[in-house]
Amino acid sequence: MLYIKRGTLEDLERIYPFYVQDFPRSERKPYRILKKLMNHNIGELQILYDDKIWVGYAFLIVQKNQRVVWLDYLAIRDGMRSRGYGEKLIAKLKDSYRTYDALFGEVERVEHFLPESLNQLRIRRIRFYERLGFELMNNYVIRLWDVNYVPVYVTTKEKISHLKMASYIESFYDLFYGSYFKTEEDYHRCISFYHK
7 MLYIKRGTLE DLERIYPFYV QDFPRSERKP YRILKKLMNH NIGELQILYD
57 DKIWVGYAFL IVQKNQRVVW LDYLAIRDGM RSRGYGEKLI AKLKDSYRTY
107 DALFGEVERV EHFLPESLNQ LRIRRIRFYE RLGFELMNNY VIRLWDVNYV
157 PVYVTTKEKI SHLKMASYIE SFYDLFYGSY FKTEEDYHRC ISFYHK
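Residue 124 in our numbering sits at position 118 of the sequence shown, with consecutive numbering throughout.
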């Protein structure tokens, strides 16, 4: 039987070494940050189980005041990939957060100056989300520490305009990353948003 279960701090400690393997250092948050987010009921770890075996996980930031959920990380365990678990995990998340207005995240943007192999990986990620009903906001780019991302989102209720989604995204970044920087200038040097 396939199900998801909200993870505890003990689960986070158990899964964190896999997370370190699943994501490049430049994309990872330190353990203490994930733990702090969970302790403040902002971050949620959701674990996908097939019977009693955990096969994947997602870490989400839940903005209860704005009724949106940010899909920060999603991974399927090595050896369990290419079996449809990613799609099943997304389906379970969409169902679990159906009372929220939207589930959104970001994918790395395809860039003409990157090696073809890296762009192909990015295209595969984009197509994965599109297959699952996510909309790609191609006209909106998030630049975070010299990497360009494109937002993806799926609404759980009525359609939300790209302008409204952009305000959700900028609000998320301000909330989440704003405290990392001493000045607004430092913030904007590392994080920027632009419309194409």
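Beta carbons: idealized from backbone N, C-alpha and C, even for Gly.
Values in this document were obtained by computation on a predicted structure and should not be read as measured data.
Nearest-angstrom Cα separation, counted from residue j out to residue i
i	j	result
Leu109	Trp76	6 Å
Arg115	Ser32	16 Å
Gly90	Asp84	13 Å
Glu136	Val160	9 Å
Gln126	Tyr9	31 Å
Val68	Ile132	22 Å
Opposing strand residues paired with residue i [DSSP bridges]
i	result
Phe119	Paired residue(s): none; Phe119 is not in a bridge.
Pro30	Answer is none; Pro30 lacks a bridge partner.
Asn154	Arg149
Leu11	Reading off the sequence, residue 11 comes out as Lys, not Leu. Note: Lys11 sits in a beta bridge opposite Ile53.
Ile67	Gly49, Trp76
Burial state of residue i, where buried means 16 or more other Cβ atoms lie within 10 Å
i	result
Phe29	exposed
Asp78	buried
Glu122	exposed
Asp180	exposed
Proximity winner among the options, relative to residue i (alpha-carbon distances)
i	options	result
Gly49	Ile39, Asp57, Pro157, Tyr55	Ile39
Leu54	Glu114, Ala81, Thr161, Lys42	Ala81
Phe119	Val153, Val68, Arg131, Thr105	Val153
Leu206	Leu15, Val113, Lys170, Leu43	Residue 206 cannot be examined here, being either before or after the span of the chain that is shown, 7 to 202.
Range of the contiguous alpha helix (DSSP H) that encloses residue i
i	result
Leu95	91-102
Run of the beta strand (DSSP E) containing residue i, from where it starts to where it stops
i	result
Gly85	Where Gly85 is concerned, there is no enclosing beta strand (DSSP E), given that its DSSP letter is neither H nor E.
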